[in-house]
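Notes to accompany the following structure.
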Amino acid sequence: MYPMRLASVMPRLLLGSVLCLPASSATLMFSGSGGVIPDPGVFSSDIIVTDLRDLLSFGNPVTVTLLGLDHSWAGDLEVTLTYSGIGSVTQYVFSRIGAAGPGDFGASANFGDPTGRYSFNSGFAGDLWTVAGALGDADLIPSGDYWPTDPFSPAPNSLSSAFNGLPAAGTWTLTISDLAAGETGQYIAWDLTLEVVDVPEPATAPVMLAALAAFLIRLRILASHRPPAPLKSRGAGALARAGPPGPAWRDQGGTLRSRRTAQGPPHGFHFHWWAAGP
Ligand SMILES: [Ca+2]
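Sequential numbering from 747 applies to the sequence shown in this note's numbering.
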């Protein structure tokens, strides 16, 4: 029937509506475990992501947050994030803050702000090297939003964009190394925040436009099919005298009805239904 045909193409109509929307993102947050950082030595923690969406292909979709980080010499530490899925990518979160080169012990300030939240994204405005460099060896680096850095440089690095376009699914590993004996620390946990594609990006527009064209063609074909003419009814007595409404009308069957008349009790008669066209 005509209404059912229209219903069958409604999902394609909705697909056409999606075409008009710009790309949008969704935020995923995951937590990994913490622990005591060996002195010297390496502590690592994995987060397994199974979400099937991809990271944004633009901007800075990756943020790392260290929770409860407490260490008595900031310049001892090196932190990296590694993605293992389709290939493997490793980026520095920070490394030996304040150290100008190998053998430099770096900033002596402490991690250990009571609020315990140090967050890193390449788009953040906080300069950890400048903040730590202005503090003494008994001072606490304040929690905050800082940009990530490579070894021996205070400049922002590409931690947050190096994974752009990759599938979120995979193993994300945080590695914290204490590179100098003496002065120790630990952290409680870490958070991984990922911005992923939530609807098709503009890059997929050609494919989606082809689907829209196919939908419009199908809609035009359906529009050329006029809906069936309404059924007409005629009593059996009238049929006996006049027949169907026309030569192209088909008998759709009859039903038994009853009618009360002024001359006597109710009596039954057949009611036939007719449809126009073949
Ligand atoms: Ca140490």
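All C-beta atoms in this analysis are idealised placements derived from N, C-alpha and C, irrespective of residue type, glycine included. No experiment lies behind these values; they were computed from the predicted model shown.
query                                                                                                                                            : result
In angstroms, rounded to a whole number, what distance separates the CA positions of Ala982 and Ala994?                                          : In this prediction, Ala982 has a pLDDT of 47, which is less than 50 and means its spatial position is unreliable; nothing more can be read from the coordinates.
Mind reading off the beta-carbon distance from Pro786 to Ala926? Whole number of angstroms is fine, and I expect it under 8 Å.                   : 6 Å
Measure from the alpha carbon of Tyr917 to the alpha carbon of each residue in Ala772, Ser771, Gly778, then state which is nearest.              : Strictly speaking, residue 917 in this sequence is Thr, with Tyr absent from that position. The option with the nearest alpha carbon to Thr917 is Gly778.
Going by C-alpha to C-alpha distance, which of Asp944, Ser818, Ile794, Arg799 sits closest to Asp924?                                            : Ser818
So does Gly847 have its beta carbon nearer than 8 Å to some heavy atom of ligand 1?                                                              : no
Any residue with its C-beta under 7 Å from a non-hydrogen atom of ligand 1 counts. Can you list them all in chain order?                         : Asp785, Pro786, Trp819, Asp822, Asp924, Ala926, Ala927, Gly928, Glu929, Thr930
Find out if the Cβ-Cβ distance for the pair Thr828, Ser865 is shorter than 9 Å.                                                                  : no
Go ahead and pull the three-state DSSP assignment for Thr930.                                                                                    : coil
Please state whether DSSP places Gly862 in a helix, a strand or coil.                                                                            : coil
At a cut of 8 Å, does the region 796–812 reach the region 927–946 through at least three beta carbon pairs?                                      : yes
How about Ser791 and Leu912: do their beta carbons lie closer than 9 Å?                                                                          : no
Quick one: what does DSSP say Gly778 is sitting in, helix, strand or coil?                                                                       : strand
Check for me: the alpha helix (DSSP H) holding Gly833 runs from which residue to which?                                                          : Where Gly833 is concerned, there is no enclosing alpha helix (DSSP H), although the beta strand (DSSP E) it sits in stretches over 833–841.
Leaving out five residues before and five after Thr861 in sequence, what residues of the same chain have Cβ atoms less than 7 Å from its Cβ?     : Ser889
According to DSSP, is Leu886 part of a helix, a strand, or is it coil?                                                                           : strand
DSSP state of Trp875, grouped into three classes?                                                                                                : helix
Could you give the distance in angstroms between the alpha-carbon of Asp944 and the alpha-carbon of Ser771?                                      : 5 Å
Would you call Gln837 buried or exposed, if buried means 16 or more other Cβ atoms sit within 10 Å of its Cβ?                                    : buried
I'd like to check one pair, Leu823 with Ile922: are the Cβ atoms closer than 9 Å?                                                                : yes
Taking all protein chains shown into account, decide if Gly869 is buried (16 or more other Cβ within 10 angstroms of its Cβ) or exposed.         : exposed
Please state if the CB of Ala820 and the CB of Gly781 are separated by a distance shorter than 9 Å.                                              : no
Can you pull the DSSP bridge partners for Ala935?                                                                                                : Ser779, Leu813
Beta carbon of Phe1026, beta carbon of Arg842: below 9 Å?                                                                                        : No answer is possible for residue 1026: it lies beyond the span of the chain, which begins at 747 and ends at 1024.
Below 8 Å on the Cβ atoms is my contact criterion, and I expect Asp885 with Asn856 to pass it. Report the Cβ-Cβ distance as a whole number of Å. : 7 Å
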